[in-house]
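Structure first, then comments.
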Amino acid sequence: MGTPTVTTTELSIGGMTCAACAGRIERKLNKLDGVSVSVNYATERASVTHPADLDPAILVAEVERAGYTAELPREQPPDERRSLWALEERLVVSAGCAVSVIIPAMVPALWITGWEWVSLALTLPIVVYGGWPFHRAALANLRQRTATMDTLVSLGTLVAFCWSLWELLLPAAGHHGGPAVSDHPLVYFEVAAGVTVFILTGRYLEARAKRRAGAALRALLDLGAKEVALLREGEEVRVPADRITVGDLFVVRPGEKIATDGVVTEGASAVDTSLLTGEPVPVEAGVGDRVIGATVNAGGRLVVRATQVGEDTRLAQIGRLVEAAQSGKAEAQRLADRVSAVFVPVVIAVAVTTFALWLLLGADPSAGIRAAITVLIIACPCALGLATPTALLVGTGRGAQLGIVVKGPEALERTRRIDTVVLDKTGTVTEGRMTLCRVVPAEEENPEEILRLTGALERASEHPIGRAIADAARSPLAVAEFTALPGLGVQGRVAGKAVLAGRPGLVAERWGPLPASLEKALAEAESAGSTAVVTGWDGLARGVLVIADAVKPTSAQAIRELKDLGLSSVLLTGDHPAVAEAVAAQVGIDRVIAGVLPEGKVEVIRDLQRQGRVVAMVGDGVNDAAALAQADLGISMGTGTDAAIHASDLTLVRGDLRAAADAIRLARRTLATIKGNLFWAFAYNVAALPLAAAGLLHPMIAGATMGLSSIFVLTNSLRLRRFH
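To convert, note that position 551 of the sequence shown is 551 in the UniProt record's numbering; the numbers rise steadily by one, no gaps.
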């Protein structure tokens with residue numbers, strides 16, 4: 001029997017108010033055969049892996065049976081501002097009524113006879129209208145025989161309100177010592193009103209902060225062009241960008257966004273990729289160069305042929321990876337979820353026990369009620385549920401802005417243990433293409449003239465070395481009588497001179513021994529693992545052109561930054577040892593392993609792991625994919641192949657190795673933020689419960705403190721937006 005195919009469905013979840021809600025939805029869906037689900041409270045999304053033949057409508061129905069709402073992804077996401085406005089309206093109404101209830105209760109001099117009836121009238125809409133989201137969720141919990149934070153809030157406010165109503169209507173009923181003072185009954189309307197307003201305020205600020213936390217992803221997904229000028233029969237036709245198809249030609253004028261991924265077929269320009277990659281320096285693009293959708297044409301007019309559209313573009317892929325990372329769960333979050341799931345029932349038991357103990361100690365029932373209410377209010381595990389997902393949300397969103405795409409929270413957790421970075425050479429440390437490094441002239445020769453004449457000659461060549469020389473020279477001179485000498489070099493007539501360029505042996509055979517200065521340059525090039533081309537004209541060797549896969553100008557700085565993070569570096573390449581040693585010496589890499597085949601790269605990673613090393617692998621090619629998958633942390637260059645990108649845990653959108661150090665720093669900062677959040681959330685609950693049970697906290701202060709703990713966690717996470 002074949003393995004049943006599975007698929008993943010994303011659901012938008014509504015009605016969650018704390019981490020316990022997310023846990024209940026997970027438990028409900030995980031009961032279905034073959035279903036595995038992760039619900040993220042911060043993003044209000046569920047990622048459900050299930051058999052392909054399972055109708056997603058069944059998933060939606062199960063979520064609704066749990067007392068929440070669920071929707072399949074829509075082309076137009078729900079407007080978050082509308083729900084924020086509804087919450088704001090509920091808060092404004094409640095706060096307006098609460099002021100006149102709380103101030104007289106807190107300032108006895110302002111109390112007048114009969115004001116308790118006004119307090120009743122003002123508190124009723126607060127408890128019913130303002131607190132309805134809590135009561136509705138608590139009822140849903142009751143039907144499911146579970147309890148969440150809303151159960152605590154609903155119980156606390158309703159007990160305060162009902163006890164106060166009982167005292168007001170039957171003042172003698174709740175006292176051991178006789179009737180209450182008639183002109184100032186012992187009521188807690190201000191508790192019911194104040195707690196509701198404080199928690200609504202916390203929810204409102206939390207919703208705003210969560211919206212800000214997800215702003216990076218929304219901004220990323222909104223980068224794409226809205227319109228495109230298609231080229232049809234030589235005429236430009238402006239259409240919505242989503243109507244472009246693979247193969248279409250479109251025009252990008254200076255200042256416009258490139259509508260989709262493609263290849264330049266006409267024109268040359270500088271392309272600003274900073275919005276997508278974080279790279280501030282524009283990239284030159286000409287005929288044959290690939291360009292990425294959502295980047296900005298900063299120079300001349302371009303004509304581009306679309307190669308990827310819609311969900312296949314680089315922007316869409318990055319968006320999916322970022323969203324998947326934000327929807328995942330770190331190990332720390334799984335622990336917090338397990339704690340939250342049992343915490344609420346325990347708190348209810350503690351509240352009941354607190355009330356019973358106060359009665360057994362002979363205290364007034366009102367004091368026991370107040371202590372129990374305080375326990376219910378202050379123990380809400382909101383901060384615990386928000387500690388990890390909000391930090392992940394902000395950290396991965398900031399990473400996307402900087403051109404660092406994290407596949408999941410597990411990748412972030414692995415970065416803290418990394419002690420060794422293994423680097424591929426070609427395309428990672430080096431440019432990945434042959435480049436002219438320097439021109440060494442013979443005595444009394446002009447290097448610019450050497451490059452100008454040789455570059456013109458090589459422009460007619462198809463060899464990669466010849467193209468590197470021609471690209472560096474950009475010579476306008478014409479070539480006549482061009483002849484390619486296979487395996488040896490090229491010759492032709494340029495500006496009236498008979499020019500010859502090729503292997504040293506070819507030139508020496510034609511024109512005799514080379515000058516001593518050129519022989520020295522050849523030896524230096526060979527020792528550095530570079531390729532040398534001897535060139536000259538009219539019977540004389542005039543200079544040596546040194547060509548190599550040039551080291552990226554930022555690689556040396558990147559290696560220094562990795563070392564500053566406490567990481568040792570290894571250069572792992574299939575290239576010649578002399579070439580690898582020269583590159584390693586140039587950038588400061590500690591160790592070189594050269595001449596290794598792709599399967600050998602995997603074995604090298606395994607050997608390091610057997611030695612107790614925790615290895616990060618950085619690569620960009622198909623030959624790196626297996627090693628990236630084997631490594632504890634795979635980091636791919638976004639300029640590399642799809643195979644490498646899919647096998648990695650982190651993707652660096654721009655081809656700058658410094659981004660690897662940035663990625664590790666960001667991951668460690670995010671983990672440190674998560675730890676700080678969790679410490680605060682646990683410490684707050686552990687410290688607050690005994691104070692509440694002892695009657696040392698007023699219920700309103702408990703409500704305010706509980707809200708502030710969540711706001712603290714959110715604010716701490718939002719600090720990651722300032723990471724540079």
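Cβ atoms here follow ideal geometry from the backbone N, Cα and C, with glycine treated the same way. Quick caveat: nothing in here was measured; it's all calculated off a predicted structure.
Query: Exposed or buried, what is asparagine 677 when buried is set at 16 or more other beta-carbons lying within 10 Å of its beta-carbon?; Result: buried
Query: For arginine 584, which residues in the same chain have their Cβ closer than 7 Å to its Cβ, ignoring the five residues on either side in sequence?; Result: A small correction: the amino acid at residue 584 is alanine; arginine does not occupy that position in the sequence shown. Leu571 and Val592, listed in sequence order.
Query: At the level of alpha carbons, what is the spacing between valine 153 and leucine 376?; Result: 7 Å
Query: For a minimum of 3 consecutive residues, which ranges assigned as the beta strand (DSSP E) are wholly contained in the region 250-320?; Result: 261-266, 269-272, 283-285 and 302-308
Query: Report buried or exposed for valine 252, applying the criterion of at least 16 other Cβ atoms within 10 angstroms of its Cβ.; Result: buried
Query: Is the region 426-436 in contact with the region 477-486, if contact means three or more CB pairs nearer than 8 Å?; Result: no
Query: Apart from the five residues on each side of it in sequence, which residues of its chain come closer than 7 Å, Cβ to Cβ, to lysine 425?; Result: Leu571, Thr573, Asp575, Ala580 and Val583
Query: Isoleucine 102 by DSSP, collapsed to three states: which one?; Result: helix
Query: Are leucine 423 and methionine 617 closer than 9 Å when you measure CB to CB?; Result: yes
Query: Below 8 Å on the Cβ atoms is my contact criterion, and I expect isoleucine 559 with valine 587 to pass it. Report the Cβ-Cβ distance as a whole number of Å.; Result: 5 Å
Query: Ignore the nearest five residues each way along the sequence and tell me which others in histidine 175's own chain have a CB closer than 6 Å to its CB.; Result: Its pLDDT being 46, under 50, histidine 175 is placed unreliably in this model, and the value from its coordinates should be taken loosely. None.
Query: Is the region 559-569 in contact with the region 460-471, if contact means three or more CB pairs nearer than 8 Å?; Result: no
Query: Would you mind stating whether phenylalanine 134 and threonine 17 have Cβ atoms separated by less than 9 Å?; Result: yes
Query: Look at the Cβ atom of leucine 633, then the Cβ atom of valine 614, and state whether they are nearer than 9 Å.; Result: yes
Query: With arginine 467 as the anchor, note down where its alpha helix (DSSP H) starts and where it stops.; Result: 464-473
Query: For serine 164 and chain B, any beta-carbon pair shorter than 9 Å?; Result: In the structure shown, chain B cannot be found, because there is only a single protein chain.
Query: Can at least three beta-carbon pairs, one atom from the region 520-529 and one from the region 492-500, be found at a separation below 8 Å?; Result: no
Query: Can you give me the Cβ contacts of residue 727 inside the same chain, cut-off strictly under 6 Å, excluding the 5 residues immediately before and after it?; Result: Past the boundaries of the shown model lies residue 727; the chain is included only from 1 to 724, so the question cannot be answered.
Query: Just how far apart, CA to CA, sit valine 264 and glutamate 284?; Result: 11 Å
Query: With distances taken between CB atoms, is the gap from threonine 454 to valine 533 smaller than 9 Å?; Result: yes
Query: If you compare alpha carbons, which of Leu652, Ser717 and Gly695 is closest to tryptophan 680?; Result: Ser717
Query: When you compare the region 91-100 with the region 127-145, are there three or more beta-carbon pairs, one atom per stretch, that lie closer than 8 Å?; Result: yes
Query: Just reading off the beta strand (DSSP E) that glycine 536 is part of, what are its end residues?; Result: 531-537
Query: Compute the Euclidean distance between the alpha carbons of histidine 50 and leucine 357, then round it to the nearest angstrom.; Result: 49 Å
Query: Among Ala541, Ala498 and Asp471, whose alpha-carbon lies nearest the alpha-carbon of glycine 505?; Result: Ala541
Query: Which parts of the region 140-165 are runs of the beta strand (DSSP E), unbroken and 3 residues or longer, counting only runs that do not cross its ends?; Result: none
Query: If you check the beta carbons only, do glycine 612 and methionine 637 fall under 9 Å apart?; Result: no
Query: Do you know whose CA, among Val159, Glu190 and Ala52, lies nearest leucine 118's CA?; Result: Looking at the sequence itself, residue 118 is valine, so the reference to leucine does not match. Of Val159, Glu190 and Ala52, the residue nearest in Cα terms is Glu190.
Query: Alpha carbon to alpha carbon, how far is leucine 714 from isoleucine 25?; Result: 23 Å
Query: Give the DSSP-derived three-state secondary structure of threonine 8 in the structure shown.; Result: strand
Query: List the DSSP bridge partners of proline 51.; Result: Val6
Query: Is alanine 172 helix, strand or coil when you go by DSSP?; Result: Because alanine 172 sits at a pLDDT of 49, beneath the cut-off of 50, its placement in the model cannot be relied upon, and the following sentence gives the value as read from the coordinates. Alanine 172 falls in the coil class under three-state DSSP.
Query: Please report how far the alpha carbon of leucine 142 lies from the alpha carbon of phenylalanine 712, in whole angstroms.; Result: 30 Å
Query: Under the rule that 16 or more other beta-carbon atoms within 10 Å means buried, what is asparagine 297, buried or exposed?; Result: buried
Query: I believe arginine 606 touches arginine 416 by the beta-carbon criterion, under 8 Å. Please report the beta-carbon distance rounded to the nearest angstrom.; Result: No, arginine 606 and arginine 416 are not in contact; Cβ-Cβ is about 22 Å, not under 8 Å.
Query: To the nearest angstrom, how far is the alpha carbon of alanine 173 from that of serine 366?; Result: Any reading at alanine 173 needs caution, since the residue's pLDDT is 47, under 50, leaving its predicted position unreliable; the model's value is listed next. Approximately 11 Å between the Cα atoms of the pair.
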